[in-house]
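Line order of the protein sequences matches chains A and B. The opening position of the first sequence corresponds to residue 9 in the working numbering, with each subsequent residue numbered one higher. The opening position of the second sequence corresponds to residue 9 in the working numbering, with each subsequent residue numbered one higher. Take a look at the structure set out below.
2 protein chains.
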Amino acid sequence: MINIAVVDDQNLFREGLVNLLRSNPDYTLVTQAENGKIFLEQLADMVTLPDIALVDMNMPQMNGVELNTVLRRNYPSIKVIILSVHGEERYMSKMIEAGACGYLKKNCEITELFSTINNTYQIGFHFNIETLNAMRNASKYRKQGLKNMNSIPINLTEREMVILKMICDELTNAEISEKLFISTRTVDGHRTNLLTKTGCKNTAGLVIFAIKYGIYEVKF
Amino acid sequence: MINIAVVDDQNLFREGLVNLLRSNPDYTLVTQAENGKIFLEQLADMVTLPDIALVDMNMPQMNGVELNTVLRRNYPSIKVIILSVHGEERYMSKMIEAGACGYLKKNCEITELFSTINNTYQIGFHFNIETLNAMRNASKYRKQGLKNMNSIPINLTEREMVILKMICDELTNAEISEKLFISTRTVDGHRTNLLTKTGCKNTAGLVIFAIKYGIYEVKF
DNA sequence: TAGTAAACAGGTGTTTTTACCTGTTTTTCT
DNA sequence: AGAAAAACAGGTAAAAACACCTGTTTACTA
Chain A
9 MINIAVVDDQ NLFREGLVNL LRSNPDYTLV TQAENGKIFL EQLADMVTLP DIALVDMNMP
69 QMNGVELNTV LRRNYPSIKV IILSVHGEER YMSKMIEAGA CGYLKKNCEI TELFSTINNT
129 YQIGFHFNIE TLNAMRNASK YRKQGLKNMN SIPINLTERE MVILKMICDE LTNAEISEKL
189 FISTRTVDGH RTNLLTKTGC KNTAGLVIFA IKYGIYEVKF
Chain B
9 MINIAVVDDQ NLFREGLVNL LRSNPDYTLV TQAENGKIFL EQLADMVTLP DIALVDMNMP
69 QMNGVELNTV LRRNYPSIKV IILSVHGEER YMSKMIEAGA CGYLKKNCEI TELFSTINNT
129 YQIGFHFNIE TLNAMRNASK YRKQGLKNMN SIPINLTERE MVILKMICDE LTNAEISEKL
189 FISTRTVDGH RTNLLTKTGC KNTAGLVIFA IKYGIYEVKF
């Protein structure tokens with residue numbers, strides 16, 4: 009018998025998941041909560057702690073990483089499986105560093121849900137090959153001198169990337185235009201597009217954006 | 009049927025392992041080699057490539073990591089399981105970054121050897137909880153290592169630091185002057201001093217300098 | 001107490017960036 | 001073949017940055 013808790017702010021999804029878990033006779037649902045804060049309060053006066061906590065990554069008040077960190081410290085026996093929606097793979101490594109024992113996409117197969125829970129309970133963790141690759145990449149990026157490589161939240165064209173890099177190299181529009189054999193007006197246009205696309209105010213903002221998203225690499 | 013190769017320079021251990029593998033009817037030993045170099049030569053004129061390669065970490069000529077890297081590039085279908093003696097846990101994360109699909113201690117149980125091989129063949133990888141913890145720690149260390157910023161090679165005054173930070177926050181001279189209750193001319197003076205002291209050409213250079221030396225921290 | 005560094009601030013002018021336009025050509029995708 | 005996206009480039013003007021000058025006040029310290 010595995011004691012399970014579900015922490016997710018999306019009520020419909022949570023209820024659905026709860027029902028799904030109840031359909032499996034091996035599981036006992038000990039509690040469910042809307043966010044990390046409520047869950048911690050519930051834990052405080054609970055007799056039997058859950059073995060497994062299925063925790064949504066994105067929650068108001070206290071998100072998955074934060075909750076994960078607190079649980080790791082105060083309730084190390086609880087194994088946390090992170091639930092995420094597609095496209096949040098870039099946070100995988102953060103999760104694992106924070107102490108997650110498993111990682112599941114919300115659109116996974118039911119069998120995968122069950123096998124992840126069972127494996128995590130028995131072996132102590134469960135990750136699929138996808139998670140592993142995400143971790144590998146995260147390590148690689150760190151190697152390059154970046155703490156974390158967030159994927160670029162907007163679509164920059166190839167040309168915009170090139171010009172952004174050159175801006176980071178302290179080149180002026182005139183210098184960039186020379187190097188690329190284009191008019192300064194064109195460079196200007198790209199620069200303007202970069203500012204609007206990124207939502208930055210000026211050059212300083214562009215440089216930070218470039219570093220943040222790995223477009224420009226700072227040599228230490 | 010799983011095709012297996014063994015690469016290990018310790019002849020006795022290798023022969024023992026080979027016999028052990030032969031005892032399992034699910035496995036076919038396609039080749040064995042003393043080191044990475046020989047193994048690569050063997051692979052070159054081999055008809056059926058191995059599915060799994062059990063590779064010792066410490067080998068003369070070409071060690072586990074190097075071989076791993078080459079295999080990953082030239083024979084991506086071969087899944088590498090690293091064999092190591094006790095006390096080499098600190099290299100685990102290196103292995104995984106290099107593309108290892110599994111990690112086994114040489115003093116492990118035979119059942120663990122078999123389950124690792126089977127899991128790696130079926131799922132694509134297999135790690136135990138110990139490996140996972142090693143990876144977690146490695147990430148942590150890397151994180152801390154990055155905080156060891158280079159010490160600032162020049163003497164910036166307190167005021168210059170403050171203004172440099174504000175420049176990184178995308179503030180203009182006018183905005184900085186407002187916040188600090190000083191004239192824009194003064195801010196301008198500080199900015200000029202920053203440029204001459206750091207040897208930068210413009211704002212982009214200042215931002216990169218600030219990040220490089222930990223004066224400004226990029227939030228990821 | 002004289003010297004020095006730092007913060008302050010004014011003047012003047014140039015260069016660069018930023019912000020609006022406008023449009024054409026080329027490439028890419030359907 | 002037609003639509004859409006990207007790269008290209010011109011005009012105008014204001015805002016900001018950059019350069020080089022001047023000087024005062026304050027504080028520390030040799």
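Built from N, CA and C at the ideal position, the CB exists for glycine as well. Note that the structure is predicted; figures quoted are calculated from it, not measured.
**Message:** Judging by CA-CA distance, which residue of Leu112(B), Ile12(B), Phe122(B) is the nearest neighbour of asparagine 136(B)?
**Reply:** Leu112(B)
**Message:** Is there a Cβ of chain B sitting closer than 8 angstroms to that of serine 159(A), yes or no?
**Reply:** Residue confidence is low: serine 159(A) scores 49 on pLDDT, short of 50, so the model does not pin down where it sits. No coordinate-derived value is stated.
**Request:** Please name the residue or residues paired with valine 63(B) in a DSSP beta bridge.
**Result:** Val15(B), Ile90(B)
**Prompt:** Closer than 8 angstroms, Cβ to any Cβ of chain B: which residues of the region 196-222 of chain A, in chain order?
**Reply:** Cys208, Lys209, Asn210, Thr211, Ala212, Gly213, Leu214, Val215, Ile216, Ile219, Lys220
**Request:** Step through the CB atoms of chain A and report whether any lies within less than 8 angstroms of the CB of valine 73(B).
**Result:** no
**Cα-Cα separation between phenylalanine 217(A) and valine 55(B), rounded to whole angstroms** = 50 angstroms
**Prompt:** What is the DSSP secondary structure of glycine 110(A), counted as helix, strand or coil?
**Reply:** strand
**Asked** What number of angstroms, rounded off, separates the C-alpha of valine 14(A) from the C-alpha of lysine 173(B)?
**Response** 42 angstroms
**Test item: CB-CB of threonine 119(B) and isoleucine 89(B) under 8 angstroms** = no
**Item:** CB contact check: cysteine 116(A) to chain B, cutoff 8 angstroms
**Value:** Taking 8 angstroms as the CB threshold, cysteine 116(A) stays off the interface with chain B.
**Prompt:** Since tyrosine 35(A) is in the beta strand (DSSP E), which residue starts that stretch and which ends it?
**Reply:** 35-41
**Request:** Return the chain-ordered list of same chain residues with a C-beta closer than 6 angstroms to the C-beta of threonine 192(B), the five sequence neighbours on each side being excluded.
**Result:** Asn181, Ala182, Ser185
**Prompt:** Quick one: is lysine 148(B) buried, meaning 16 or more other Cβ sit within 10 Å of its Cβ, or exposed?
**Reply:** With a pLDDT of only 43 at lysine 148(B), under the threshold of 50, the placement of this residue in the model should not be trusted, and no figure is reported.
**Request:** Could you tell me if asparagine 27(B) is buried or exposed, where buried requires 16 or more neighbouring beta carbons within 10 angstroms of its beta carbon?
**Result:** exposed
**Message:** Taking CB distances under 8 angstroms as the criterion, tell me whether isoleucine 10(B) reaches chain A.
**Reply:** no
**Item:** Nonlocal neighbours in the same chain, by C-beta distance under 8 angstroms from valine 226(B), ignoring five residues either side
**Value:** Ile219
**Pairwise C-alpha distance: isoleucine 131(A) and threonine 124(A)** = 10 angstroms
**Request:** Check isoleucine 216(A) in the structure and name its three-state DSSP category.
**Result:** helix
**Asked** Going by C-alpha distance, which of Met70(A), Asp34(A), Asp177(A) is nearest isoleucine 60(A)?
**Response** With distances taken between Cα atoms, isoleucine 60(A) lies closest to Asp34(A).
**Request:** Mind listing the chain A neighbours of valine 226(B)? Cutoff is C-beta to C-beta under 7 angstroms, in chain order.
**Result:** Ile216, Ile219, Lys220
**Request:** Step through the CB atoms of chain B and report whether any lies within less than 8 angstroms of the CB of glutamate 178(A).
**Result:** yes
**Request:** Consider the Cβ of valine 15(B): report whether some Cβ of chain A lies at a distance smaller than 8 angstroms.
**Result:** no
**Message:** Let me confirm a value: lysine 87(B) is counted as buried when at least 16 other C-beta atoms fall within 10 Å, else exposed. Which label applies?
**Reply:** Flag for lysine 87(B) reads buried.
**Asked** If you drop the 5 nearest sequence neighbours on each side, which residues of the same chain put their C-beta closer than 6 angstroms to that of lysine 114(B)?
**Response** Leu91, Val93
**Message:** Please list, in chain order, the chain B residues whose beta carbon lies closer than 7 angstroms to that of isoleucine 175(A).
**Reply:** Within chain B, the residues placing a beta-carbon under 7 angstroms from that of isoleucine 175(A) are Ala212, ordered along the chain.
**Prompt:** DSSP three-state call for isoleucine 190(A): helix, strand or coil?
**Reply:** Isoleucine 190(A) sits in coil when the DSSP states are folded into three classes, being neither helix nor strand.
**Asked** Buried or exposed: where does leucine 20(B) fall if 16 or more other Cβ atoms within 10 Å of its Cβ makes it buried?
**Response** exposed
**Request:** Mind checking which residues open and close the alpha helix (DSSP H) that includes cysteine 208(B)?
**Result:** From DSSP, cysteine 208(B) is part of no alpha helix (DSSP H); its letter is neither H nor E.
**Prompt:** What did DSSP end up calling isoleucine 125(A) once you bin it into helix, strand or coil?
**Reply:** Reduced to three states, the DSSP call for isoleucine 125(A) is helix.
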